[in-house]
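Undergrad:
Residue numbers (this note's numbering): 1 to 144.
What follows is the structure, encoded as structure tokens:
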């Protein structure tokens with residue numbers, strides 16, 4: 001099975017310290033993800049060695065998703081690896097990078113994913129999810 005690489009970049013009009021702080025807890029993942037719905041069932045802190053347990057919902061269908069925080073370099077990046085994933089995902093490795101650009105922060109997402117689904121389905125699904133998250137993050141920081 002091939003590995004599909006998905007990337008997404010978002011510029012946020014906020015200092016890197018504030019953006020990093022926002023992403024230091026998975027509680028904010030719940031706030032910025034409208035589809036699928038997410039509920040947390042563990043310690044939400046984005047710290048190395050923590051496993052964040054979530055339940056994702058698509059209408060009445062619920063599935064477990066557990067992400068292990070593999071690596072954290074404060075104000076630069078963190079990596080989460082799916083250790084329990086819903087079908088049809090076989091593997092998931094997500095690197096969240098943060099780059100300071102003047103008074104803004106550029107967030108770069110790199111997702112390495114394996115699934116029996118063709119990229120013609122994966123690409124638009126991931127793009128829609130990350131675009132929705134980017135819009136929610138921008139709205140959050142515009143309110144501050």
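Ideal Cβ placement from N, Cα and C applies to all residues, glycine included.
As the structure is a computational prediction, the values presented were derived from the model and not from experiment.
Is the region 45-55 in contact with the region 125-143, if contact means three or more CB pairs nearer than 8 Å?
TA: With a cut-off of 8 Å, the region 125-143 and the region 45-55 do not count as touching, because too few Cβ pairs lie within range.
Undergrad: Name the two residues that bound the continuous beta strand (DSSP E) containing residue 58.
TA: If you number the chain shown from 1, residue 58 lands on position 58. First-last of the beta strand (DSSP E) with residue 58: 51-58.
Undergrad: Residue 144 to residue 22, Cα distance in whole Å?
TA: In the chain shown, counting from the first residue as 1, residue 144 sits at position 144. In the chain shown, counting from the first residue as 1, residue 22 sits at position 22. Below a pLDDT of 50, predicted positions are generally treated as unreliable, and residue 144, at 49, falls in that range; the measurement from the model is reported next regardless. The straight-line gap from Cα to Cα measures roughly 12 Å.
Undergrad: Output the boundary residues of the alpha helix (DSSP H) element that contains residue 31.
TA: Walking along the chain shown from the start, residue 31 turns up at place 31. Unbroken alpha helix (DSSP H) run through residue 31: 27-32.
Undergrad: DSSP three-state call for residue 93: helix, strand or coil?
TA: One-based indexing of the chain shown puts residue 93 at position 93. The answer is strand: DSSP assigns residue 93 an E or B state.
Undergrad: Whose C-beta lies closer than 8 Å to the C-beta of residue 13 among residues of the same chain, with five residues either side of it excluded?
TA: If you number the chain shown from 1, residue 13 lands on position 13. Cβ neighbours of residue 13 beyond the five flanking positions: 103, 104, 138, 141 and 142.
Undergrad: Three-state secondary structure (DSSP) at residue 140?
TA: Numbered from 1 along the chain shown, position 140 holds the residue referred to as residue 140. In the structure shown, residue 140 sits in a helix (DSSP, three-state: H, G or I).
Undergrad: Hey, residue 82 and residue 67: beta-carbon distance below 8 Å or not?
TA: As a working note, residue 82 is residue 82 in the chain shown. As a working note, residue 67 is residue 67 in the chain shown. Cβ distance < 8 Å, so residue 82 and residue 67 count as in contact.
Undergrad: Check whether the Cβ atoms of residue 85 and residue 4 lie closer than 8 Å to each other.
TA: As a first step, residue 85 is located in the chain shown; it is residue number 85 there, counting from the start. As a first step, residue 4 is located in the chain shown; it is residue number 4 there, counting from the start. No; because the gap between Cβ atoms is not below 8 Å, this pair is not in contact.
Undergrad: Pop quiz: residue 55 and residue 39 are said to be a contact at Cβ under 8 Å. What is the actual Cβ separation, rounded to whole angstroms?
TA: In the chain shown, residue 55 corresponds to position 55, counting from 1. In the chain shown, residue 39 corresponds to position 39, counting from 1. Indeed, because the Cβ distance is near 5 Å, the residues count as touching under 8 Å.
Undergrad: Within a Cβ cutoff of 6 Å, which residues of the same chain sit near residue 88, ignoring the five residues on either side of it in sequence?
TA: Within the chain shown, the letter at position 88 stands for residue 88. So the list reads 115, 116 and 117, once near-sequence residues are dropped.
Undergrad: Would you mind sorting residue 58 into buried or exposed? The rule is 16 or more other CB atoms within 10 Å of its CB.
TA: To locate residue 58, count along the chain shown from 1; it is residue 58. Exposed is the call here.
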